[in-house]
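Trainee: Residues in the sequence shown are numbered from 14 upward in steps of one, following the numbering used here.
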Amino acid sequence: MAALCESFTLCGLGPSSGVGLGGGLLALEPGPDNDHVLLTDHGRTATLFKVSDQKPLGCWSVKHGQNITCPVVCNSETHEYVAVQDDKVLRIWKNEDLNLDKTFKATLSADVHRIHSLPSGGPVVLFKGGAVRTLDVLLEAPQQEIENVISDEVIKWSQAAVEGQQPILIFITEKDEDFFVYVQKLKMNSLHKYKLERQGLSKPLSFTAYIKNQTITLLCLCSGDSVYKVLIPLEQNREQDGEEEEQILPTSLLLKLSAPKSVLKGTSFVVLDKDHIAVLGILAKSGKESKECLTIWNTKFQTLQASKELPLGTSGQLWCYEEKFFFTHGRVLTVMMYKCETSSLAAAVGKLKDTQNIDVCPFLNWNTLENEELVVSLQSQESVALKSEPTMTLRSKGKAAAEVQSDTLSVGQILLSLKKASPSVFEGGLRKLLSKAQMPDFQASIGSVVTALVNRCKKNPTYYPQDFLLDIVQTQDLSYSLCPDLMAIALHRRDVYLLQVCLRRFPDIPEEITYACLKLFLSISEAHLKKIDVDLESVICYIDLEFNYKDVKHEVVENGFSAEMEEDGSDAELEEDKWDSNITKKSHSHSMADGKICPFGLQKAALLNAVIHSAYNETFLLPHLKNLPSEHAILFLRYLYYLYVKCGEKINTCLPGVRSPTMSQIMDWMCLLLDAQYQVMVMLPEAKELLSNLHKFVRAQVRFYSELNKIEGSLHELQRLNNQKDPQTYSIEVLELI
Numbered sequence: 014m015a016a017l018c019e020s021f022t023l024c025g026l027g028p029s030s031g032v033g034l035g036g037g038l039l040a041l042e043p044g045p046d047n048d049h050v051l052l053t054d055h056g057r058t059a060t061l062f063k064v065s066d067q068k069p070l071g072c073w074s075v076k077h078g079q080n081i082t083c084p085v086v087c088n089s090e091t092h093e094y095v096a097v098q099d100d101k102v103l104r105i106w107k108n109e110d111l112n113l114d115k116t117f118k119a120t121l122s123a124d125v126h127r128i129h130s131l132p133s134g135g136p137v138v139l140f141k142g143g144a145v146r147t148l149d150v151l152l153e154a155p156q157q158e159i160e161n162v163i164s165d166e167v168i169k170w171s172q173a174a175v176e177g178q179q180p181i182l183i184f185i186t187e188k189d190e191d192f193f194v195y196v197q198k199l200k201m202n203s204l205h206k207y208k209l210e211r212q213g214l215s216k217p218l219s220f221t222a223y224i225k226n227q228t229i230t231l232l233c234l235c236s237g238d239s240v241y242k243v244l245i246p247l248e249q250n251r252e253q254d255g256e257e258e259e260q261i262l263p264t265s266l267l268l269k270l271s272a273p274k275s276v277l278k279g280t281s282f283v284v285l286d287k288d289h290i291a292v293l294g295i296l297a298k299s300g301k302e303s304k305e306c307l308t309i310w311n312t313k314f315q316t317l318q319a320s321k322e323l324p325l326g327t328s329g330q331l332w333c334y335e336e337k338f339f340f341t342h343g344r345v346l347t348v349m350m351y352k353c354e355t356s357s358l359a360a361a362v363g364k365l366k367d368t369q370n371i372d373v374c375p376f377l378n379w380n381t382l383e384n385e386e387l388v389v390s391l392q393s394q395e396s397v398a399l400k401s402e403p404t405m406t407l408r409s410k411g412k413a414a415a416e417v418q419s420d421t422l423s424v425g426q427i428l429l430s431l432k433k434a435s436p437s438v439f440e441g442g443l444r445k446l447l448s449k450a451q452m453p454d455f456q457a458s459i460g461s462v463v464t465a466l467v468n469r470c471k472k473n474p475t476y477y478p479q480d481f482l483l484d485i486v487q488t489q490d491l492s493y494s495l496c497p498d499l500m501a502i503a504l505h506r507r508d509v510y511l512l513q514v515c516l517r518r519f520p521d522i523p524e525e526i527t528y529a530c531l532k533l534f535l536s537i538s539e540a541h542l543k544k545i546d547v548d549l550e551s552v553i554c555y556i557d558l559e560f561n562y563k564d565v566k567h568e569v570v571e572n573g574f575s576a577e578m579e580e581d582g583s584d585a586e587l588e589e590d591k592w593d594s595n596i597t598k599k600s601h602s603h604s605m606a607d608g609k610i611c612p613f614g615l616q617k618a619a620l621l622n623a624v625i626h627s628a629y630n631e632t633f634l635l636p637h638l639k640n641l642p643s644e645h646a647i648l649f650l651r652y653l654y655y656l657y658v659k660c661g662e663k664i665n666t667c668l669p670g671v672r673s674p675t676m677s678q679i680m681d682w683m684c685l686l687l688d689a690q691y692q693v694m695v696m697l698p699e700a701k702e703l704l705s706n707l708h709k710f711v712r713a714q715v716r717f718y719s720e721l722n723k724i725e726g727s728l729h730e731l732q733r734l735n736n737q738k739d740p741q742t743y744s745i746e747v748l749e750l751i
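1. Nearest to Lys639 by CA position, among Val693, Lys313, Ala618 and Thr675, is which residue?
2. Would you kindly work out how many angstroms separate the C-alpha atoms of Met14 and Leu285, rounded to a whole number?
3. For Phe117, collect the residues of the same chain with a Cβ closer than 6 angstroms to its Cβ; drop the 5 residues on either side in sequence, then sort them by chain order.
4. Apart from the five residues on each side of it in sequence, which residues of its chain come closer than 6 angstroms, Cβ to Cβ, to Trp332?
5. If I measure Cβ to Cβ from Ile745 and keep anything under 7 angstroms in the same chain, skipping five residues before and after, which residues do I get?
6. What span of residues does the beta strand (DSSP E) with His289 cover, start to end?
7. Tell me the DSSP bridge mates of Pro246?
8. Determine the contact status of Gly670 and Cys554, defining contact as a CB-CB distance below 7 angstroms.
9. Using only CA atoms, which one of Thr82, Thr186, His637 and Asn112 lies nearest to Leu218?
10. If distances are taken between C-alpha atoms only, which option among Ser727, Tyr510, Val97 and Val95 comes closest to Leu533?
11. Going by beta carbon distance, what residues of the same chain come within less than 8 angstroms of Thr22, once the five residues before and after it are set aside?
12. Using a Cβ-Cβ cutoff of less than 6 angstroms, which residues in the same chain neighbour Lys169 once the five nearest sequence positions on both sides are dropped?
13. List in chain order: all unbroken alpha helix (DSSP H) runs of 4+ residues lying wholly within the segment 662-715.
14. What did DSSP end up calling Val150 once you bin it into helix, strand or coil?
15. From the DSSP output, read off the bridge partner residues of Gln513.
16. Out of curiosity, what's the CA-to-CA distance linking Glu440 and Lys543?
17. To the nearest angstrom, report how far apart Asp48 and Lys337 are at their CA atoms.
18. Do Leu296 and Leu323 have their CB atoms nearer than 7 angstroms?
19. Measure the C-alpha to C-alpha separation of Ala628 and Leu199 and round it to an integer number of angstroms.
20. With H, G and I counted as helix, E and B as strand and the rest as coil, what does DSSP make of Ile526?
21. Quickly, what does DSSP pair Ala174 with across the bridge? List them, please.
22. Along the chain, which unbroken stretches of the beta strand (DSSP E) at least 3 residues long are found entirely within the segment 15-77?
23. CB-CB under 7 angstroms to Ser236, same chain, minus the five flanking residues each way: which ones, in chain order?
24. Going by C-alpha distance, which of Ser133, Val162 and Leu51 is nearest Ala96?
25. Going by other Cβ atoms of all chains shown within 10 Å of its Cβ, with 16 needed for buried, is Ser705 buried or exposed?
26. Buried or exposed for Arg444, please, with buried defined as at least 16 other CB atoms from any protein chain shown within 10 angstroms of its CB.
27. Are Leu516 and Ala623 close, meaning C-beta to C-beta below 7 angstroms?
28. For Val747, name the three-state secondary structure that DSSP assigns.
29. Would you decide whether Asp189 is buried or exposed? Buried here means 16 or more other CB atoms lie within 10 Å of its CB.
30. Would DSSP call Gln732 helix, strand or coil?
31. Check this for me: beta carbons of Leu209 and Val240, under 7 angstroms apart or not?
32. Around the Cβ of Asp508, are there at least 16 other Cβ atoms within 10 angstroms (buried) or fewer (exposed)?
33. Identify whether Gln197 lies in helix, strand or coil by the three-state DSSP scheme.
34. In the structure shown, what three-state DSSP assignment does Lys107 receive?
35. From what residue to what residue does the alpha helix (DSSP H) around Leu270 run?
36. State yes or no: is the C-beta of Ala173 nearer than 6 angstroms to some heavy atom of the ligand SAH?
Okay, structure coming up:
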């Protein structure tokens, strides 16, 4: 039995995605471990992603005018990354390298078709002329002569594998609509060529292969809605003489991609296990519009096991690593989990009866579960429980059945049974579920509970269990990837306290969500914030309450006259009050520009501190900060400047309090904000004084540290002399610092 489970978005692929994949995806390769993948675009950029956190960890680009011409791979032995620039130039770098121009470069003597990474051993390089070299051999002499193995043939597909200790490279070429298979054994330096049988074989669209028991199984997806299989025994391979007759490989039909009233026109496919393959293509149903689908087929029983419609369209590419599918859907790269079980006829036709309750996947999708499924499951369990104790009374039978259900129901079934319960019963059931710390996949179960709460909030606008959500976030070890919709619903409900806690506790928040929190915190009014509970631990120790900022009420005055002025008293008194008010406003504004007064209250400062403390990658946050409204950008810069001045007042340049921003964090955010908004700020009159004061303050600090650097040598010498002296003797010395 096979099934498609939950899916999530790994990254965007548009020009504004912020991850350098605007040119479309060239390929996806495994990263340094099972939780990382390498994305290469049709252009200049390669990006390393952590799949579980849905976050980019690194992004590297070649110069404008240059291109990465084949997928970037990771060397499994050294954890270095290998790329080919402009067909002939090898680039090798590590995680800590930021600028590719300063990394290792070697120019080769022939054009490279592709580099393949092996699970054990270094990468293998396939040239366009069909020659194969290991990376180590190439690096010893990059300009070595590369022979041409193929003539007038074009390489259509290639794949590397290891059988025993022997690295093997398989590649397929095309010439005059004929297809040829080459098998290269690297250690034995032997190359074998075969020709694919064309009888009954329509045009091949995609290939994949695997090796087992010294036999290569080559699968071919053809335009005739069929998958063919070719067997190539490795043990019987012999060196072929030039005059020996070309061996033709027979093909056999493995699977016809057709189901009742539907036919799948596949574009790409992958092997899942010995009995299952996944095919991406267009599913045509009689009388209905054709739609792109991801499907799983059972090759043993010739049945369609699972199907998922993809209405936004795909690029036709499909990758599979660690029981996860990767494919483009619209303008995003989607990750979809799946499961495959032992193939049996009952499972293939959907009639498998299993007495054990197994979760299909750890994340529950309420939109795909039907109530009838739960009813059937509960009825079957109840009948089993009642039959097992025939001597009980009716009341005791019902009680026993309830206990059996409570103990044996899966997390998904429990959540589904609570779907239509009242709010109190619903939350009570979820709390009881969270109390079972010993249940399997406890972390995934917590994510399912939060997802259930969020889905109920989406369907019922009046329902929002803030206290319950806060309790879960504060007491459980959650992450953003476990419950990605939690912060989205908190942003929608403007629940700043929950957002503050999430920013502190979640290590994997995407930069887009961090920006959304920043924008909300800056836009919300002081009056509204005073009515909300916010954690003030990070600000209470350094913001002066007496001089804390208060909202100034602005009044529209026409022709220098106000109705309130007429009612208040004499003209002289009004003029004096007006003059004093203007002086106060100007003084307050000048103090804020100087960074002496916090530009807003404690609540907003505490919320912004949570943003400043959050983890981010500036490459991916910068595009979002460019969209920040100018008034919000200036307000945030005033606060950062205030923190900067506060840090400068202390000898250790640290703010007091719990989780207060550090000098490094403040400087990083100031630089990032100025990089994103500088062109706007230099044109705004209200930002002129702030930028000028910031410039003066930074220049004064640079001069101060420059003076300290001048006496650094003398201080080191003084320390050395003190260490050499006998501490028991007493002396007075005068040291002249020049």
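Note that the Cβ used here is the ideal one computed from N, Cα and C, for glycine as well.
Mentor: Well, looking at it:
1. The shortest CA-to-CA distance from Lys639 to any of Val693, Lys313, Ala618 and Thr675 is the one to Val693.
2. Approximately 12 angstroms between the Cα atoms of the pair.
3. Correct list, in chain order: Ile105.
4. Only Leu41 and Phe339 meet the Cβ criterion.
5. For Ile745, there are no CB contacts under 7 angstroms within the same chain when 5 residues up- and downstream are skipped.
6. His289 to Lys298 is the extent of the beta strand (DSSP E) around His289.
7. Pro246 is bridged to Thr228.
8. Closer than 7 angstroms, so yes.
9. Ranking the options by Cα distance to Leu218, first place goes to Thr186.
10. It is Tyr510.
11. Counting only Cβ-Cβ distances below 8 angstroms, and skipping sequence neighbours, we find Gln67, Val345, Leu346, Thr347 and Val348.
12. Shown here for Lys169: same chain residues with a beta carbon closer than 6 angstroms to its own, the five before and five after excluded, namely Ile185 and Glu187 in chain order.
13. Fully enclosed alpha helix (DSSP H) runs of 4 or longer: 676-694.
14. DSSP places Val150 in the helix class (H, G or I) of the three-state scheme.
15. DSSP lists no partner for Gln513.
16. Whole-angstrom Cα-Cα distance: 29 angstroms.
17. Their Cα atoms are separated by approximately 11 angstroms.
18. Note that the C-beta distance between Leu296 and Leu323 is not below 7 angstroms.
19. The alpha-carbon separation between Ala628 and Leu199 amounts to approximately 45 angstroms.
20. Ile526 sits in a helix when the DSSP states are folded into three classes.
21. Answer is Ile181, bridged to Ala174.
22. If only uninterrupted beta strand (DSSP E) runs of at least 3 residues are considered, those enclosed by the segment 15-77 are 15-25, 38-43, 49-54, 58-63 and 68-74.
23. Counting only Cβ-Cβ distances below 7 angstroms, and skipping sequence neighbours, we find Ser215, Lys216 and Leu218.
24. Nearest option by C-alpha distance: Leu51.
25. Exposed, by the Cβ-count rule.
26. Here Arg444 is exposed, its C-beta having fewer than 16 other C-beta atoms within 10 Å.
27. Contact: yes.
28. If DSSP states are grouped into helix, strand and coil, Val747 belongs with coil.
29. So Asp189 ends up on the exposed side.
30. Under the three-state reduction of DSSP, Gln732 is assigned to helix.
31. It is not a contact, given that the beta carbons lie outside the stated cut-off.
32. When all chains shown are included, Asp508 counts as buried.
33. Gln197 carries a strand assignment under DSSP once its states are collapsed to helix, strand and coil.
34. Correct three-state label for Lys107: coil.
35. Run containing Leu270: none; DSSP gives neither H nor E here.
36. The ligand SAH is not among the ligands present in this structure, which contains no ligands whatsoever.
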